[in-house]
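Take 1 as the starting number for the sequence shown in UniProt numbering and just add one per residue.
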Amino acid sequence: SILSEVTYSHPITKDRECPLLPSTHVTMDKGTGLVHTAPNHGLDDYAVMKKQHIPLDPCLVGEDGCYNSQAMKELQGKAVLKEGTKFILDFLSADIVHLEDYVHSYPYDWRSKTPVIIRSSHQWFIDVNQIRDKAIECLKDVTVVPGHFKKVFQHQLESAPQWCISRQRAWGVPIPAFYSSDRNKPLVHRAITNHLCSLIQTHGIHCWWEKRVNELLPPELRNKLELPLNEYQKGSDIMDIWFDSGISWKCVLPEPHISDICIEGIDQIRGWFNSSLLTSIAVRGKAPYK
(Lines of atoms letter the chains of each structure in order from A; the text may use other names.)
(Lines give C-alpha, C1' and ligand atoms only; values in the text may rest on other atoms or scores of the structure.)
Protein backbone atom coordinates (compact mmCIF):
# COMPACT_ATOMS: atom_id res chain seq x y z
CA SER A 1 0.00 0.00 0.00
CA ILE A 2 1.23 3.51 -0.82
CA LEU A 3 0.13 4.60 2.67
CA SER A 4 2.08 1.93 4.56
CA GLU A 5 4.93 4.34 5.40
CA VAL A 6 2.63 7.20 6.45
CA THR A 7 2.11 8.15 10.10
CA TYR A 8 -0.35 10.46 11.84
CA SER A 9 -0.76 12.12 15.23
CA HIS A 10 -3.00 10.34 17.72
CA PRO A 11 -6.27 12.33 17.84
CA ILE A 12 -6.43 12.32 21.65
CA THR A 13 -2.85 12.40 22.93
CA LYS A 14 -1.68 14.52 19.94
CA ASP A 15 2.02 13.95 20.66
CA ARG A 16 1.90 10.22 19.87
CA GLU A 17 2.88 9.15 16.35
CA CYS A 18 0.81 6.26 14.96
CA PRO A 19 1.30 4.21 11.77
CA LEU A 20 -1.14 3.38 8.99
CA LEU A 21 -1.32 -0.41 8.79
CA PRO A 22 -2.21 -2.42 5.66
CA SER A 23 -4.59 -5.35 6.04
CA THR A 24 -6.76 -7.53 3.81
CA HIS A 25 -9.81 -7.42 6.12
CA VAL A 26 -10.48 -3.80 5.03
CA THR A 27 -11.68 -3.21 1.47
CA MET A 28 -12.44 -0.19 -0.72
CA ASP A 29 -15.98 -1.31 -1.58
CA LYS A 30 -17.26 -0.11 1.81
CA GLY A 31 -16.47 3.36 3.06
CA THR A 32 -13.07 4.95 2.45
CA GLY A 33 -10.92 1.88 2.97
CA LEU A 34 -9.47 3.49 6.11
CA VAL A 35 -10.75 2.29 9.48
CA HIS A 36 -9.85 2.92 13.10
CA THR A 37 -7.87 0.05 14.64
CA ALA A 38 -8.54 -0.94 18.25
CA PRO A 39 -6.55 -4.12 19.01
CA ASN A 40 -8.02 -4.39 22.51
CA HIS A 41 -11.52 -4.56 21.06
CA GLY A 42 -11.46 -6.66 17.90
CA LEU A 43 -9.86 -9.90 16.74
CA ASP A 44 -8.97 -8.61 13.26
CA ASP A 45 -7.42 -5.48 14.75
CA TYR A 46 -5.47 -7.55 17.27
CA ALA A 47 -4.16 -9.82 14.50
CA VAL A 48 -2.95 -6.80 12.50
CA MET A 49 -1.05 -5.38 15.47
CA LYS A 50 0.48 -8.76 16.25
CA LYS A 51 1.57 -9.24 12.64
CA GLN A 52 3.24 -5.82 12.71
CA HIS A 53 4.94 -6.66 16.05
CA ILE A 54 3.35 -3.65 17.73
CA PRO A 55 2.93 -4.10 21.52
CA LEU A 56 -0.58 -4.03 22.93
CA ASP A 57 -1.44 -1.03 25.09
CA PRO A 58 -3.36 -1.58 28.35
CA CYS A 59 -7.10 -1.98 27.84
CA LEU A 60 -8.93 1.23 28.77
CA VAL A 61 -12.26 -0.52 29.43
CA GLY A 62 -13.09 -2.38 32.63
CA GLU A 63 -15.35 -5.39 33.13
CA ASP A 64 -18.17 -3.00 34.06
CA GLY A 65 -18.18 -1.47 30.57
CA CYS A 66 -16.75 1.82 31.81
CA TYR A 67 -13.43 3.51 31.15
CA ASN A 68 -10.90 2.51 33.80
CA SER A 69 -7.93 4.22 35.46
CA GLN A 70 -5.79 3.67 32.34
CA ALA A 71 -7.93 6.14 30.39
CA MET A 72 -7.58 9.92 30.47
CA LYS A 73 -8.90 11.40 33.71
CA GLU A 74 -11.99 12.99 32.15
CA LEU A 75 -13.11 9.61 30.76
CA GLN A 76 -12.59 7.47 33.86
CA GLY A 77 -15.84 5.96 35.15
CA LYS A 78 -17.89 6.90 32.09
CA ALA A 79 -19.88 4.15 30.34
CA VAL A 80 -18.29 3.37 26.98
CA LEU A 81 -21.52 3.16 24.99
CA LYS A 82 -23.27 6.07 26.74
CA GLU A 83 -21.72 9.20 28.22
CA GLY A 84 -18.25 8.04 27.17
CA THR A 85 -19.23 8.21 23.49
CA LYS A 86 -20.67 11.71 23.89
CA PHE A 87 -17.52 12.91 25.64
CA ILE A 88 -15.26 11.56 22.88
CA LEU A 89 -17.33 13.19 20.13
CA ASP A 90 -17.29 16.53 21.98
CA PHE A 91 -13.56 16.21 22.67
CA LEU A 92 -12.78 15.58 19.00
CA SER A 93 -15.28 18.09 17.61
CA ALA A 94 -12.58 20.53 16.49
CA ASP A 95 -10.86 17.78 14.46
CA ILE A 96 -13.96 16.33 12.78
CA VAL A 97 -14.18 17.26 9.10
CA HIS A 98 -17.54 15.64 8.36
CA LEU A 99 -20.24 14.04 10.49
CA GLU A 100 -23.26 11.98 9.41
CA ASP A 101 -25.39 9.12 10.68
CA TYR A 102 -24.44 5.73 9.28
CA VAL A 103 -26.23 2.42 9.80
CA HIS A 104 -23.83 -0.51 10.28
CA SER A 105 -23.76 -3.90 11.97
CA TYR A 106 -22.82 -4.26 15.64
CA PRO A 107 -22.60 -7.36 17.87
CA TYR A 108 -25.50 -7.93 20.26
CA ASP A 109 -25.83 -10.47 23.05
CA TRP A 110 -28.45 -13.00 21.98
CA ARG A 111 -29.74 -13.43 25.54
CA SER A 112 -30.09 -9.86 26.78
CA LYS A 113 -30.48 -8.23 23.33
CA THR A 114 -27.99 -5.55 24.40
CA PRO A 115 -24.80 -4.32 22.66
CA VAL A 116 -21.63 -6.27 23.39
CA ILE A 117 -18.37 -4.55 24.28
CA ILE A 118 -15.48 -6.68 23.05
CA ARG A 119 -12.38 -6.23 25.20
CA SER A 120 -9.04 -7.97 25.61
CA SER A 121 -8.56 -10.13 28.69
CA HIS A 122 -6.27 -12.82 30.07
CA GLN A 123 -7.34 -16.33 29.07
CA TRP A 124 -6.09 -19.92 29.31
CA PHE A 125 -4.99 -21.72 26.14
CA ILE A 126 -3.89 -25.15 25.01
CA ASP A 127 -0.88 -24.86 22.70
CA VAL A 128 -2.23 -26.72 19.68
CA ASN A 129 1.13 -26.43 17.93
CA GLN A 130 2.61 -28.99 20.34
CA ILE A 131 0.06 -31.67 19.44
CA ARG A 132 -1.01 -30.72 15.90
CA ASP A 133 1.35 -33.03 13.98
CA LYS A 134 0.62 -36.02 16.22
CA ALA A 135 -3.13 -35.43 15.88
CA ILE A 136 -2.89 -35.35 12.07
CA GLU A 137 -0.78 -38.51 12.11
CA CYS A 138 -3.26 -40.40 14.34
CA LEU A 139 -6.21 -39.25 12.24
CA LYS A 140 -4.83 -41.31 9.33
CA ASP A 141 -5.76 -44.51 11.20
CA VAL A 142 -9.31 -43.32 12.00
CA THR A 143 -12.19 -44.39 9.74
CA VAL A 144 -14.43 -41.45 8.79
CA VAL A 145 -17.80 -41.95 7.07
CA PRO A 146 -18.33 -40.50 4.48
CA GLY A 147 -14.62 -40.83 3.71
CA HIS A 148 -14.15 -37.44 2.06
CA PHE A 149 -14.82 -35.72 5.38
CA LYS A 150 -11.48 -36.98 6.69
CA LYS A 151 -9.82 -34.37 4.47
CA VAL A 152 -12.07 -31.72 6.01
CA PHE A 153 -11.06 -32.91 9.48
CA GLN A 154 -7.39 -32.84 8.53
CA HIS A 155 -7.71 -29.30 7.20
CA GLN A 156 -9.40 -28.26 10.44
CA LEU A 157 -6.44 -29.60 12.41
CA GLU A 158 -3.91 -27.97 10.09
CA SER A 159 -5.48 -24.53 10.45
CA ALA A 160 -6.66 -24.74 14.07
CA PRO A 161 -5.60 -21.74 16.19
CA GLN A 162 -4.52 -21.97 19.82
CA TRP A 163 -7.44 -23.41 21.80
CA CYS A 164 -8.86 -20.99 24.35
CA ILE A 165 -10.20 -23.26 27.11
CA SER A 166 -11.32 -20.61 29.61
CA ARG A 167 -14.71 -18.95 29.87
CA GLN A 168 -16.18 -16.28 32.14
CA ARG A 169 -19.46 -17.73 33.30
CA ALA A 170 -21.23 -18.18 36.63
CA TRP A 171 -21.37 -21.97 36.27
CA GLY A 172 -19.17 -24.77 34.99
CA VAL A 173 -16.03 -26.73 35.81
CA PRO A 174 -13.58 -24.35 37.51
CA ILE A 175 -10.00 -23.82 36.38
CA PRO A 176 -8.05 -24.48 39.61
CA ALA A 177 -5.84 -21.39 39.73
CA PHE A 178 -5.14 -18.88 42.47
CA TYR A 179 -4.00 -15.29 42.12
CA SER A 180 -2.10 -12.95 44.40
CA SER A 181 -3.52 -9.51 45.05
CA ASP A 182 -1.90 -7.96 41.95
CA ARG A 183 -3.32 -10.77 39.74
CA ASN A 184 -0.30 -10.54 37.45
CA LYS A 185 0.59 -14.22 37.54
CA PRO A 186 -1.56 -17.27 38.35
CA LEU A 187 -0.48 -19.78 40.96
CA VAL A 188 -0.73 -23.29 39.50
CA HIS A 189 1.10 -26.36 40.82
CA ARG A 190 0.56 -30.10 40.49
CA ALA A 191 0.52 -30.54 44.29
CA ILE A 192 -2.23 -27.92 44.55
CA THR A 193 -4.22 -29.60 41.79
CA ASN A 194 -3.88 -32.99 43.50
CA HIS A 195 -5.11 -31.48 46.78
CA LEU A 196 -8.10 -29.93 45.02
CA CYS A 197 -8.89 -33.26 43.34
CA SER A 198 -9.05 -34.96 46.74
CA LEU A 199 -11.38 -32.23 48.01
CA ILE A 200 -13.65 -32.59 44.98
CA GLN A 201 -13.77 -36.38 45.38
CA THR A 202 -14.89 -35.90 48.98
CA HIS A 203 -17.10 -32.82 48.79
CA GLY A 204 -18.10 -32.56 45.13
CA ILE A 205 -17.28 -30.04 42.42
CA HIS A 206 -19.09 -27.23 44.24
CA CYS A 207 -16.42 -27.12 46.93
CA TRP A 208 -14.35 -24.79 44.74
CA TRP A 209 -17.08 -22.18 44.99
CA GLU A 210 -18.18 -22.94 48.55
CA LYS A 211 -14.92 -23.34 50.48
CA ARG A 212 -12.64 -20.52 51.56
CA VAL A 213 -9.18 -20.03 50.07
CA ASN A 214 -7.49 -21.24 53.28
CA GLU A 215 -9.30 -24.57 52.90
CA LEU A 216 -8.49 -24.92 49.21
CA LEU A 217 -4.93 -23.73 49.71
CA PRO A 218 -4.17 -24.67 53.36
CA PRO A 219 -1.14 -23.29 55.26
CA GLU A 220 0.63 -26.67 55.35
CA LEU A 221 0.49 -26.89 51.56
CA ARG A 222 1.78 -23.33 51.23
CA ASN A 223 4.66 -24.15 53.57
CA LYS A 224 5.49 -27.30 51.63
CA LEU A 225 5.67 -25.35 48.38
CA GLU A 226 7.48 -22.45 50.09
CA LEU A 227 4.86 -19.97 48.90
CA PRO A 228 4.96 -16.38 50.16
CA LEU A 229 2.37 -15.50 52.78
CA ASN A 230 0.40 -13.39 50.36
CA GLU A 231 -3.35 -13.24 50.30
CA TYR A 232 -4.60 -15.33 47.41
CA GLN A 233 -7.88 -15.20 45.55
CA LYS A 234 -9.66 -18.00 43.75
CA GLY A 235 -9.78 -17.72 40.00
CA SER A 236 -13.31 -17.36 38.62
CA ASP A 237 -12.69 -18.80 35.13
CA ILE A 238 -14.35 -22.05 34.09
CA MET A 239 -13.49 -24.61 31.42
CA ASP A 240 -14.80 -24.37 27.88
CA ILE A 241 -17.69 -26.84 27.59
CA TRP A 242 -15.92 -28.40 24.59
CA PHE A 243 -13.13 -29.34 26.96
CA ASP A 244 -15.72 -31.00 29.22
CA SER A 245 -17.21 -33.07 26.41
CA GLY A 246 -13.77 -33.59 24.89
CA ILE A 247 -12.63 -35.76 27.81
CA SER A 248 -15.70 -38.03 27.75
CA TRP A 249 -13.44 -40.80 26.39
CA LYS A 250 -11.65 -40.78 29.75
CA CYS A 251 -14.70 -40.37 31.99
CA VAL A 252 -17.27 -42.57 30.23
CA LEU A 253 -15.48 -45.30 28.29
CA PRO A 254 -13.89 -48.31 30.03
CA GLU A 255 -10.26 -49.22 29.39
CA PRO A 256 -8.60 -48.73 26.94
CA HIS A 257 -10.80 -45.61 26.61
CA ILE A 258 -11.21 -45.97 22.84
CA SER A 259 -14.64 -45.78 21.22
CA ASP A 260 -15.61 -48.21 18.45
CA ILE A 261 -17.89 -45.62 16.85
CA CYS A 262 -18.88 -41.98 17.39
CA ILE A 263 -22.02 -40.77 15.64
CA GLU A 264 -22.56 -37.04 15.20
CA GLY A 265 -23.14 -34.40 12.54
CA ILE A 266 -20.50 -32.91 10.27
CA ASP A 267 -20.45 -29.77 12.44
CA GLN A 268 -18.73 -31.77 15.19
CA ILE A 269 -15.52 -31.89 13.16
CA ARG A 270 -14.95 -28.45 14.67
CA GLY A 271 -16.56 -29.48 17.95
CA TRP A 272 -16.67 -32.78 19.81
CA PHE A 273 -14.62 -34.84 17.33
CA ASN A 274 -11.92 -32.18 17.40
CA SER A 275 -11.83 -31.60 21.17
CA SER A 276 -11.87 -35.35 21.87
CA LEU A 277 -8.93 -35.94 19.55
CA LEU A 278 -6.85 -33.05 20.90
CA THR A 279 -7.33 -33.94 24.58
CA SER A 280 -6.56 -37.60 23.93
CA ILE A 281 -3.43 -36.76 21.94
CA ALA A 282 -2.26 -34.36 24.66
CA VAL A 283 -2.71 -36.92 27.46
CA ARG A 284 -1.65 -40.20 25.83
CA GLY A 285 -0.65 -39.62 22.21
CA LYS A 286 -3.42 -41.60 20.49
CA ALA A 287 -6.93 -41.12 19.12
CA PRO A 288 -9.96 -41.78 21.35
CA TYR A 289 -11.91 -43.50 18.57
CA LYS A 290 -11.39 -46.01 15.76
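Here a beta-carbon is modelled for each residue, glycine too, at the ideal position from N, C-alpha and C.
Between which two residues does the beta strand (DSSP E) holding residue i run?
{"i": "residue 27", "result": "Counting along the chain, residue 27 falls outside any beta strand (DSSP E), and DSSP gives it neither H nor E."}
{"i": "residue 17", "result": "17-19"}
{"i": "residue 8", "result": "7-9"}
Are residue i and residue j closer than 8 Å when you measure CB to CB?
{"i": "residue 230", "j": "residue 180", "result": "yes"}
{"i": "residue 173", "j": "residue 239", "result": "yes"}
{"i": "residue 244", "j": "residue 290", "result": "no"}
{"i": "residue 272", "j": "residue 235", "result": "no"}
{"i": "residue 128", "j": "residue 162", "result": "yes"}
{"i": "residue 117", "j": "residue 81", "result": "yes"}
{"i": "residue 291", "j": "residue 19", "result": "Only positions 1 to 290 of the chain appear in this structure, which leaves residue 291 out of reach."}
{"i": "residue 136", "j": "residue 100", "result": "no"}
Could you round the C-beta distance between residue i and residue j to whole angstroms and report it? I think they count as a contact, below 8 Å.
{"i": "residue 249", "j": "residue 288", "result": "4 Å"}
{"i": "residue 225", "j": "residue 191", "result": "6 Å"}
{"i": "residue 60", "j": "residue 120", "result": "In fact, because the Cβ distance is near 10 Å, the residues do not count as touching under 8 Å."}
{"i": "residue 237", "j": "residue 167", "result": "7 Å"}
{"i": "residue 39", "j": "residue 92", "result": "Rounded, the Cβ-Cβ distance is 20 Å, inconsistent with contact."}
{"i": "residue 165", "j": "residue 124", "result": "5 Å"}
{"i": "residue 269", "j": "residue 156", "result": "6 Å"}
{"i": "residue 45", "j": "residue 37", "result": "5 Å"}
{"i": "residue 9", "j": "residue 22", "result": "So it is not a contact: roughly 20 Å between Cβ atoms."}
Using only the alpha-carbon positions, how far apart do residue i and residue j sit?
{"i": "residue 280", "j": "residue 35", "result": "43 Å"}
{"i": "residue 73", "j": "residue 87", "result": "12 Å"}
{"i": "residue 199", "j": "residue 207", "result": "7 Å"}
{"i": "residue 78", "j": "residue 32", "result": "30 Å"}
{"i": "residue 285", "j": "residue 109", "result": "39 Å"}
{"i": "residue 70", "j": "residue 252", "result": "48 Å"}
{"i": "residue 130", "j": "residue 197", "result": "26 Å"}
{"i": "residue 227", "j": "residue 215", "result": "15 Å"}
{"i": "residue 43", "j": "residue 220", "result": "43 Å"}
{"i": "residue 147", "j": "residue 254", "result": "27 Å"}
{"i": "residue 50", "j": "residue 67", "result": "24 Å"}
{"i": "residue 193", "j": "residue 278", "result": "21 Å"}
So the alpha helix (DSSP H) residue i belongs to, where does it begin and stop?
{"i": "residue 257", "result": "Neither: residue 257 is in no alpha helix (DSSP H) and is coded neither H nor E."}
{"i": "residue 85", "result": "83-91"}
{"i": "residue 101", "result": "Run containing residue 101: none; DSSP gives neither H nor E here."}
{"i": "residue 246", "result": "241-246"}
{"i": "residue 197", "result": "190-203"}
{"i": "residue 49", "result": "43-51"}
{"i": "residue 274", "result": "272-284"}
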